[in-house]
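Number of protein chains: 2
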Amino acid sequence: MQLIETINEMSQVATAAVRRNKTIAFVPTMGFLHQGHLSLMAHARGLADILVASIFVNPTQFGPNEDLDRYPRALESDSQKCRDQGVDYLFFPQSQEMYPDGWQTTVNVSRVTANLCGKNRPVHFTGVATVVLKLFNIIKPTLTVFGEKDYQQLVTIRRMVKDLNLEVDVVGQPTVREPDGLAMSSRNVHLSTEERRSALSLSASLARARDMVAAGARATAPIIADLTSFITNHPHTNPDYVSLVDPETLEDLNVIETGALLALAVKVGQTRLIDNCILSVS
Amino acid sequence: MQLIETINEMSQVATAAVRRNKTIAFVPTMGFLHQGHLSLMAHARGLADILVASIFVNPTQFGPNEDLDRYPRALESDSQKCRDQGVDYLFFPQSQEMYPDGWQTTVNVSRVTANLCGKNRPVHFTGVATVVLKLFNIIKPTLTVFGEKDYQQLVTIRRMVKDLNLEVDVVGQPTVREPDGLAMSSRNVHLSTEERRSALSLSASLARARDMVAAGARATAPIIADLTSFITNHPHTNPDYVSLVDPETLEDLNVIETGALLALAVKVGQTRLIDNCILSVS
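So the sequences go chain by chain: A and B.
Each residue of the first sequence is one higher than the last, beginning at 6 in this note's numbering.
Each residue of the second sequence is one higher than the last, beginning at 6 in this note's numbering.
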């Protein structure tokens with residue numbers, strides 16, 4: 006595995022690969038890698054000739070009062086994990102090179118970013134879309150693999166790819182969970198023992214909603230009320246949203262007809278966690 | 006020359022060319038071609054293996070009260086002109102395919118679009134940047150040629166290319182003028198004989214400003230006042246702006262130190278015309 010730190014070198018390596026008609030799979034990350042990231046890499050490894058991963062804690066997707074400075078970092082062990090997953094090139098750019106003085110161009114995906122996390126994190130998805138487009142242009146992937154845990158991010162990237170006529174296949178991969186159900190997240194490291202217990206209310210809510218829908222519940226308001234009170238009965242929890250939305254447009258649903266995305270964001274202590282699942286009506 | 010009407014076909018032709026390591030030069034236009042466009046094509050023809058031109062009257066770069074419906078069209082004679090310039094592929098997409106239902110992604114280049122035409126045409130450059138990026142992604146050019154007549158557009162595209170890490174060489178080409186000095190524009194066709202005479206006040210202003218600077222004028226306010234009154238002394242003229250700005254940032258200058266872009270936009274009758282030149286202090 007080769008560690009690449011400059012845009013120029015990464016771009017040259019990618020261009021040379023494209024000229025040799027090699028396919029490139031790309032997994033973008035913010036580092037502090039866990040099994041969720043590694044499952045994306047393992048899946049990507051089987052899909053292309055060359056596997057590129059990136060680690061970049063992208064400042065433009067954090068709001069002014071968010072946890073950019075607190076976001077955990079671990080380059081050395083991340084490197085080893087990437088090597089173990091068969092990554093060929095690990096791209097690790099510097100902020101100053103990604104966003105030099107005078108930088109002023111952003112990509113805005115409007116409607117699918119209006120609800121859920123986009124509501125309280127207005128700059129977040131513009132930051133995500135912009136950095137992902139920059140990385141695509143540098144790395145020139147044939148395909149890219151994103152986790153379904155960040156479902157709104159996955160929908161946003163799919164929409165951007167379609168709308169800007171990019172020729173990148175966007176592959177989604179299921180959320181990887183701890184044995185007790187907690188969705189893997191780099192932010193889990195911040196949880197105290199007690200908060201860790203309360204964090205289980207997120208994945209438990211998904212199961213609870215599945216049961217309610219299986220039992221015939223279709224109106225979303227009572228399901229949301231039930232889950233919100235279920236979550237807030239756990240100490241240190243403060244829901245940002247509990248939403249049932251159309252899985253493509255991410256617009257709120259009043260009634261579940263064929264299916265819905267259940268999406269949750271909950272502050273547990275100081276740590277904001279998200280989780281989601283698709284609820285299908287059979 | 007091959008006329009291509011679908012995104013899919015254009016994209017396949019371009020991908021095949023890239024795979025054969027061919028270079029592609031691209032000249033985007035809104036059609037109704039004049040010598041200005043043809044000079045871009047002639048220049049581009051010498052720079053790459055394959056020359057692609059596009060004709061697309063892009064609806065997203067026109068504001069609600071602008072002249073989209075009135076914009077002149079002439080596909081048949083445009084085709085012949087492209088053929089004569091050695092264009093290999095003329096891409097002529099349909100609006101509905103460029104902007105299908107659900108389309109919602111835009112590219113915003115912020116600071117260089119804030120002044121000049123961007124001031125009174127707030128959606129214009131977002132429309133331009135977005136469609137040009139889409140066309141780049143479909144056509145995969147090695148280089149692209151833009152006219153300096155639309156100077157702010159050229160600066161915006163250069164900025165977007167740099168900021169989004171696109172690997173496209175952006176080449177600017179000088180404005181082509183009628184024998185009497187009027188900058189070529191598809192919109193000139195709308196001018197009455199009397200308006201046509203008044204329209205000469207734009208190019209005459211450029212000469213006038215060059216003389217003032219050669220004579221030692223450096224403060225911008227008196228130059229702007231002189232040119233504004235010179236223009237408005239011609240019938241049917243209504244200046245939108247007369248500006249002296251930094252040629253890179255396009256921010257207003259109080260004093261010309263090393264050089265400036267003089268940029269004009271003037272409504273002549275119902276037709277909005279623009280012109281510009283670089284004023285250098287030697």
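Note that CB positions come from ideal geometry on N, CA and C, so glycine has one too.
Review point. Name the chain A residues whose beta carbon is nearer than 7 Å to that of Asn120/B?
Key: Here the premise fails: no neighbours, minimum Cβ distance about 13 Å.
**Study point:** Given Ala188/B as reference, the closest of Ala224/B, Glu199/B, Lys154/B and Glu172/B once Cα atoms are compared
**Key:** Lys154/B
**Study point:** 8 Å CB neighbourhood of Thr237/B in its chain, flanking five on each side removed
**Key:** Asn243 and Pro244
Review point. Taking the alpha-carbon positions, what's the Leu56/A to Ala134/B distance?
Key: 31 Å
**Study point:** Exposure label - Pro33/A; buried when at least 16 CB within 10 Å
**Key:** buried
Exercise for review: Show which residues of chain A have a CB atom less than 7 Å away from the CB atom of Ser115/B.
Suggested key: Those within 7 Å of Ser115/B in chain A are Gln109.
**Study point:** Residues that Asn142/B contacts on chain A, provided the C-beta gap is smaller than 8 Å
**Key:** Leu169, Asn170, Leu171 and Glu172
**Study point:** Contact with chain A by Val112/B, beta-carbon distance below 8 Å
**Key:** Closer than 8 Å: yes.
Check your understanding: Mind checking if Ser16/B is an interface residue toward chain C, Cβ cutoff 8 Å exclusive?
Key -> Among the protein chains in the structure shown, which are A and B, there is no chain C.
Exercise for review: Report all residues from its chain with a CB closer than 6 Å to the CB of Ile144/A; omit the five preceding and five following residues, and keep chain order.
Suggested key: Ala19, Phe31 and Val57
Point to revise | Among Leu138/A, Phe61/A, Asp231/A and Pro98/A, the one whose alpha carbon lies nearest that of Leu171/B | key: Of the candidates Leu138/A, Phe61/A, Asp231/A and Pro98/A, the one whose C-alpha sits nearest the C-alpha of Leu171/B is Leu138/A.
Exercise for review: Report the partner residues of Pro252/B according to the DSSP bridge assignment.
Suggested key: None, per the DSSP bridge assignment.
**Study point:** Neighbour-count burial assignment, Val260/B, 16 or more Cβ in a 10 Å radius
**Key:** exposed
Exercise for review: Taking only runs that begin and end inside the region 17 to 100 of chain A, name each unbroken alpha helix (DSSP H) of 4 or more residues, in chain order.
Suggested key: 40 to 50 and 80 to 89
Review point. Looking at the unbroken alpha helix (DSSP H) that takes in Gln178/B, where does it start and where does it end?
Key: It is not in any alpha helix (DSSP H) - Gln178/B instead sits in the beta strand (DSSP E) that spans Asp174 to Gln178.
Check your understanding: Rounded to a whole number of angstroms, what is the C-alpha to C-alpha distance between Leu95/A and Arg215/A?
Key -> 39 Å
Review point. What distance in whole Å lies between the Cβ atoms of Phe61/B and Val136/B, which are believed to be in contact at a cut-off of 8 Å?
Key: 7 Å
Review point. What number of angstroms, rounded off, separates the C-alpha of Pro240/B from the C-alpha of Glu14/A?
Key: The alpha-carbon atoms of Pro240/B and Glu14/A are separated by roughly 58 Å.
Exercise for review: Compute the beta-carbon to beta-carbon distance between Asp280/B and Leu211/B, rounded to the nearest angstrom, for a pair I have assumed lies under 8 Å.
Suggested key: Right, the Cβ-Cβ distance comes to about 6 Å (below 8 Å), so this counts as a contact.
Check your understanding: Does Asn26/B come within less than 8 Å of chain A when only Cβ atoms are used?
Key -> yes
Review point. Under 9 Å Cβ-Cβ, which residues of chain B neighbour Ile29/A?
Key: Those within 9 Å of Ile29/A in chain B number zero; the least Cβ separation is about 14 Å.
**Study point:** Per-residue contacts from Arg164/B into chain A (C-beta, under 7 Å)
**Key:** From the beta-carbon of Arg164/B, the residues of chain A found nearer than 7 Å are Gln109 and Thr110.
Review point. From Gln109/B to Val194/A, what distance separates their C-alpha atoms?
Key: 36 Å
Practice item. Can you check the region 204 to 261 of chain B for any alpha helix (DSSP H) of at least 4 residues that lies completely inside it and give the ranges in chain order? Key: 225 to 237
Check your understanding: Using a Cβ-Cβ distance under 8 Å, would Ile9/B count as near chain A?
Key -> no
Point to revise | Per-residue burial, Gly91/B [other beta carbons within 10 Å of its own, 16 or more giving buried] | key: exposed
Review point. So does the region 117 to 130 of chain A actually touch the region 159 to 168 of chain A, counting three or more Cβ pairs closer than 8 Å?
Key: yes
Review point. Are the beta-carbon atoms belonging to Glu10/B and Gln101/B less than 8 Å from one another?
Key: no
Exercise for review: Spell out a yes or no on whether the region 214 to 230 of chain B and the region 74 to 82 of chain B are touching, meaning 3 or more CB-CB pairs, one atom from each, closer than 8 Å.
Suggested key: no
Point to revise | CB of Val250/A within 8 Å of CB of Ala265/A, strictly | key: Result yes, Cβ atoms of Val250/A and Ala265/A sit closer than 8 Å.
Review point. Is Asn125/B helix, strand or coil when you go by DSSP?
Key: helix
Review point. Taking all protein chains shown into account, do 16 or more other C-beta atoms lie within 10 angstroms of the C-beta of Gln4/B, making it buried, or fewer, making it exposed?
Key: With chain B represented from 6 up to 287, any question about residue 4/B goes unanswered, as that position is not in the structure.
Point to revise | Where Gln157/A falls: helix, strand or coil (DSSP) | key: helix
**Study point:** Assigned exposure category for Pro146/B - 16 Cβ within 10 Å defines buried
**Key:** buried
**Study point:** Top-ranked residue by Cα proximity to Phe176/B, from Arg182/B, Ser287/B, Val166/B and Asp185/B
**Key:** Checking the displayed sequence, the identity of residue 176/B turns out to be Val instead of Phe. The candidate whose alpha carbon is nearest that of Val176/B is Val166/B.
Point to revise | Ala119/B, DSSP secondary structure in three states | key: coil
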